[in-house]
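Participant: When you line the sequence shown up against the UniProt record's numbering, it's residues 1 to 874, in that order.
For every residue, glycine included, the Cβ atom is placed at its ideal position computed from N, Cα and C.
Sharing a structure here in structure tokens format.
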Amino acid sequence: MTKYVYAFDEGQKNMKDLLGGKGANLSEMKRLGLPVPDGFTITTAACIEYLERGDQLSDEVKTQLQKQLEAFSGRTNKAFSSDENLLLVSVRSGAKISMPGMMDTILNLGLNDENVEKLARKTNDARFAYDCYRRLLQMFGEVVYGIPMTAFDTYFDNYKATHGYQNDADIPAEGLQEICEHFKTVYIEEVYKPFPQNPLDQLLEAIEAVFKSWDNDRARVYRDLNDIPHHIGTAVNVQEMVFGNSGPQSGTGVAFTRNPVTGEAKLFGEYLLNAQGEDVVAGIRTPQDIATLHDQMPHVHEQFVAVADQLEQHYQDMQDIEFTIENEKLYILQTRNGKRTAKAAMQIAVDLVEEGVISKKDAMTKVDVKSIDTLLHPTFEAQALEAATIISKAGLPASPGAATGKIVFSAEEAKRQAEAGEKVILMRPETSPEDIEGMIASEAIVTTHGGMTSHAAVVARGMGKCCVTGCADLEINTREKTVTYANGQLFEGDEISVDGAQGDIYAGIVETTSAEHSEAFEQFMQWTEEIARLGIRMNAETTPDIEAGYQFNAQGIGLVRTEHMFFGAERLVEMRRFILSSDDETRTQALNRIRTYQTEDFEQIFRLSGERPTIVRLLDPPLHEFLPKSDEEVDSVAKQLNISAAQLKQRIAELHETNPMLGHRGCRLAITYPELYVMQVEAMMKSVAQLKEEGITCHPEIMVPLVSTVAEFKVLKAQILDAIQQIETDTNQSLHYLVGTMIETPRACVIAGDLAKECDFFSFGTNDLTQLTFGFSRDDAGKFINDYLNQHILAADPFQTLDVDGVGELVRNASEQAKAANPNIKIGVCGELGGDPKSIHHFNRMAIDYVSCSPFRVPGAKLAAAQSVVESEG
């Protein structure tokens, strides 16, 4: 027979799945001998069964509840019907994972018209008794019957104002009695039934209300936001009431064993005298600092400090403790691991290790990977944000940070204004590679189209720049230079603020707080490297990005995207000349100029990287991406190249592809135009040779993209080796290098063993691999992917988190084949999934040596890699 109800002394802290976090911790504190009011827990299993039965408590649950209630009455020597020892209880929810503020609480349950009089006589305090009753009427009405709290609060506030009472505590017993009578009429007016006078009926209805609240909107939103499963249910804790509102020597409070904002090792909290638990949280009165309790009740303060220390040592983490004082006697109502800022989490984890409370591996579990971003980017001041006017909430948080600036609608204007000293926000329907200079110049990028893996998102994350994509509630008109939103319109030059962490856009300038790295951050990151198995590299090709990545101690560059080097104004002219020219001489001249540019670029990159491995991906995108699109651009480019606009349009038409992402791109370009890759390799190795002459040894790794067959790789590898050999001959140097491929087609995964025999390294390009495995267009998936997520067809967006069963199996099998065929091969992951914590956990279990991600995702990736090791060790 399933046991659905447990007394506190029957449980312990490792029973969170069944008793919820609160119930397990109450049982544990009881076991430790701490002053915890008695009670019992109805399990999560009862909740799940209740919801599965269509919101019905089974007879078995009711039977066990009745027996437990009788035993509880026996232990406390109290009963709902007793004249002398009246039993009153609180009813609180408590899921396995803490969900502060998400579930509903009821206090003083058991009071009714008869029992409130008993309580008044027993305590000789009618005011206290009716204060408890009015609180029950309010809480019960809202939680159980869904009566809006305003139905009670409006009358309560008006009553105080009419009678000249400043505070709740000023209302006398007669006034509270009058208020209770009115509150009972609210039940009739709002739900057409009276407040239940039978305490057992109250308890059953309260338990059912807590079970139902597991599925309320705010609880679902919170679980979605924090990746908490929807199927685990909540437990219900029924606990003997202790009264913080029973007089001036009573009170209630909440305290943290360390500062949850800074991490400082000092008790942090507040309390209210003559108040009940919800008063502190509700903010109705201004509470006092916990330190002043020493002046009010020295022995209670001393006892609380000892209990707080005992709980932190026992749970080996900062604790969030709820307590009540009844007539100078301390009671502990709850403890849980306290919520904290990212800064505090780092500090607390490091301090606990240095104090000998936890190990370095334990410390890895104390910091949430998602919170790391807030340490690396500016954030908005909380108070300033509350006062700001929001203009878009529909955007996707593509790249974290907080940025303010003037709106511009073109890359050219962004660059021009930035050079003039203005801070600008680039707003576009979507971005393309041609916008790169404007993106670099901007404080943030906002688009109305595209998802989390769109061009804007990927490039912005790489640059550590704030970005919000897919703002469907905005209309950007680049021709008219306007942004239309629900309540108005903005124009070029207007100031806005962009929250890349939340995906929100605000009108005007919102004050920001700068990011800062503490000694604790540096120490913690060092520990992640000691623990992690996976190496962490970065995707970067610009000096600021590379410097940022190495500041975070990235172990090399896992992806240099050479196409980004072609979009400078002069370079783009020469690239277009190469693509559009019909005679070999002009094409050769164009390539020679590009080679010069590329040599300079590679020298800069390798100088920064030194001996650290640096993977350079040879040209990947289709040629049409380098060509003009609008008539205005066509006319301008035609003049630059000294050809007619008609000729240019004809050549553009010839290069047009129906499905360019599956077309003439990647290694296929080099099969048709071998001189392209030869030029890039020559530029790369020439720069390596020049640096070697200066005494700087470099480790370039040359990566051929989009390979599908062994034969095409062998053809291109032979051309690459010939080019390198020529450079070595010309410079009379022996140069270090590796040649490998990017695994991004399903066919390459299938033949990975054969490919590995020819390669020095593999790097999985998960963006294209996901696109080609699913048959989803990465650029268009944002239009329908939410439907798949909302209908639970997909558990996660496969472009953001690894599709374990499909793409993940291809990666696993391919990496195992490769290691078997070539034990010395190095294998990495360099797509967007390389920076995703959930994906990193899966890669840690595969034959993967490293992951590579945007520079500002390196710290988070390091932590995720370390956490994966800790998790795998159990």
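1. Going by DSSP in three states, H842 sits in which element: helix, strand or coil?
2. Assuming K826 and F764 form a contact by the criterion Cβ under 8 Å, report the distance between their Cβ atoms to the nearest whole angstrom.
3. Considering only the beta carbon of each residue, do G21 and K122 sit closer than 7 Å?
4. Give me the residue from A460, F491, H163, C759 with the minimum Cα distance to E475.
5. Would the region 211-220 count as touching the region 33-51 if we require 3 or more Cβ pairs under 8 Å?
6. What is the C-beta distance between residue 880 and M565, in whole angstroms, given that I count them as a contact (C-beta under 8 Å)?
7. Indicate whether V353 and K360 have their beta-carbon atoms separated by less than 7 Å.
8. From the DSSP output, in three-state form, read off S636 for me.
9. Rounding to the nearest angstrom, what Cα-Cα distance links residue 882 and A520 in this structure?
10. Can you have a look at G283 and say buried or exposed, based on whether 16 or more other CB atoms are within 10 angstroms of its CB?
11. On a Cα-Cα basis, can you pick out the residue from E832, E117, M15 that is closest to F799?
12. Just curious, the beta strand (DSSP E) that H163 is in, first and last residue?
13. How big is the Cα-Cα spacing for T2 and A46?
14. Which word fits I793, buried or exposed, when buried means at least 16 other C-beta atoms lie within 10 angstroms of its C-beta?
15. Alpha carbons only, please: which of Y187, L706, N553 is nearest the one belonging to T150?
16. Would you mind stating whether T324 and T252 have Cβ atoms separated by less than 7 Å?
17. Sorted by chain position, which residues of the same chain lie with C-beta nearer than 6 Å to E437's C-beta, five sequence neighbours on each side aside?
18. DSSP puts Y6 in a beta bridge; with which residues?
19. Which term fits K639, buried or exposed, when burial requires 16 or more other beta carbons within 10 angstroms of its beta carbon?
20. Candidates H377, P746, L623: which alpha carbon is nearest K770's?
21. Spatial neighbours of R595 within its chain, please: C-beta separation below 7 Å, excluding the five flanking residues on both sides.
22. Buried or exposed for D320, going by 16 or more other Cβ atoms inside 10 Å?
23. Is the region 696-713 in contact with the region 728-742, if contact means three or more CB pairs nearer than 8 Å?
24. Assuming P298 is part of the alpha helix (DSSP H), what are its boundary residues?
25. For the beta strand (DSSP E) containing M427, name the first residue and the last one.
26. Runs of 3 residues minimum, wholly inside the region 721-803: which ones carry the beta strand (DSSP E) assignment?
27. Can the beta-carbon of I425 be found closer than 7 Å to that of G405?
28. Tell whether a beta-carbon distance below 7 Å holds between residue 903 and Y222.
29. How far does the beta strand (DSSP E) with P397 in it extend, from its first residue to its last?
30. Where DSSP assigns a beta bridge to R336, which residues make up the other side?
31. How many Å lie between N259 and A363 at the Cα?
32. Cα-Cα, which of A689, V707, I751 is closest to Y737?
33. Leaving aside the five residues before and after residue 899 along the sequence, list all residues of the same chain whose C-beta is less than 8 Å from its C-beta, in chain order.
34. At what residue ranges does the UniProt domain "PEP-utilising enzyme mobile" (422-503) contain a whole run of the beta strand (DSSP E), taking only runs of 3 or more?
35. Does the region 383-392 touch the region 335-344, meaning 3 or more C-beta pairs lie closer than 8 Å?
36. Report yes if the CB atom of I440 is closer than 7 Å to the CB atom of A456, and no otherwise.
Facilitator: Once the coordinates are examined:
1. By 1-based counting over the sequence shown, the position of residue 842 is 842. Helix at H842.
2. The residue given as residue 826 occupies position 826 in the sequence shown. The residue given as residue 764 occupies position 764 in the sequence shown. Beta-carbon to beta-carbon, K826 and F764 are separated by about 12 Å, too far to satisfy the 8 Å threshold.
3. Start at 1 with the first residue of the sequence shown, and residue 21 comes out as number 21. Start at 1 with the first residue of the sequence shown, and residue 122 comes out as number 122. No. Outside cutoff.
4. Counting from 1 along the sequence shown, the entry for residue 475 is found at position 475. Closest in C-alpha terms to E475, from the list A460, F491, H163, C759, comes F491.
5. Taking a cut-off of 8 Å for Cβ pairs, the region 211-220 and the region 33-51 touch, as three or more such pairs fall below it.
6. Examination of residue 880 is not possible in this model, given that the chain is present from 1 through 874 alone.
7. What you label residue 353 is simply residue 353 of the sequence shown in a count that begins at 1. What you label residue 360 is simply residue 360 of the sequence shown in a count that begins at 1. Yes; because the gap between Cβ atoms is below 7 Å, this pair is in contact.
8. Translated into positions along the sequence shown, residue 636 becomes position 636. Helix at S636.
9. Residue 882 lies beyond the stretch modelled for the chain, which goes from 1 to 874, so this question has no answer here.
10. For the purposes of this step, residue 283 is taken as the residue at position 283 of the sequence shown. Only weak support exists for where G283 lies, its pLDDT of 49 falling under 50; the coordinates are left without a value.
11. Taking the first residue of the sequence shown as position 1, residue 799 is located at position 799. Selected option, being the one with the closest Cα: E832.
12. As a position in the sequence shown, residue 163 is number 163, starting the count at 1. Not the beta strand (DSSP E): H163 falls in the alpha helix (DSSP H), residues 150-163.
13. As a working mapping, residue 2 is identified with position 2 in the sequence shown. As a working mapping, residue 46 is identified with position 46 in the sequence shown. The straight-line gap from Cα to Cα measures roughly 9 Å.
14. Against the sequence shown, residue 793 aligns to sequence position 793. Looking at its Cβ environment, which holds fewer than 16 other Cβ atoms inside 10 Å, I793 is exposed.
15. Your numbering for residue 150 matches position 150 in the sequence shown. Nearest C-alpha to T150 among Y187, L706, N553: Y187.
16. Position 324 of the sequence shown holds residue 324. Position 252 of the sequence shown holds residue 252. Yes.
17. Taking the first residue of the sequence shown as position 1, residue 437 is located at position 437. So the list reads A411, K415, once near-sequence residues are dropped.
18. As a working note, residue 6 is residue 6 in the sequence shown. In the DSSP output, where bridge partners are listed per residue, Y6 has T41.
19. By one-based count along the sequence shown, residue 639 stands at place 639. Exposed, because fewer than 16 other Cβ atoms sit within 10 Å of the Cβ of K639.
20. Numbered from its first residue, the sequence shown carries residue 770 at position 770. Checking the sequence shown, residue 770 turns out to be Thr, not Lys. Cα-wise, what sits closest to T770 is P746.
21. Stepping through the sequence shown from its first residue, residue 595 is reached at position 595. Closer than 7 Å at Cβ, skipping near neighbours: M679, E682, A683.
22. By 1-based counting over the sequence shown, the position of residue 320 is 320. Label assigned to D320: buried.
23. yes
24. Indexing the sequence shown from 1 puts residue 298 at position 298. DSSP places P298 inside the alpha helix (DSSP H), whose first and last residues are 298-315.
25. In the sequence shown, residue 427 corresponds to position 427, counting from 1. 424-428 is the span of the beta strand (DSSP E), which, as asked, contains M427.
26. 738-743, 761-764
27. On the sequence shown, position 425 is the one that residue 425 refers to. On the sequence shown, position 405 is the one that residue 405 refers to. Closer than 7 Å, so yes.
28. Limits of the chain in this structure are 1 at one end and 874 at the other, which puts residue 903 out of reach.
29. The residue you call residue 397 lines up with position 397 of the sequence shown. Counting along the chain, the beta strand (DSSP E) containing P397 begins and ends at 396-399.
30. In the sequence shown, residue 336 corresponds to position 336, counting from 1. DSSP, once it has assigned bridges, lists D320 as partnering R336.
31. Along the sequence shown, one-based indexing puts residue 259 at 259. Along the sequence shown, one-based indexing puts residue 363 at 363. Looking at the two C-alpha atoms, the distance is approximately 17 Å.
32. Mapped onto the sequence shown, residue 737 falls at position 737. Answer by Cα proximity: A689.
33. The chain is shown only over 1 to 874; residue 899 falls outside these bounds and no answer can be derived.
34. 424-428, 444-447, 466-469, 475-477, 482-485, 488-491, 495-499
35. no
36. Counting from 1 along the sequence shown, the entry for residue 440 is found at position 440. Counting from 1 along the sequence shown, the entry for residue 456 is found at position 456. Not a contact, by the Cβ cut-off of 7 Å.
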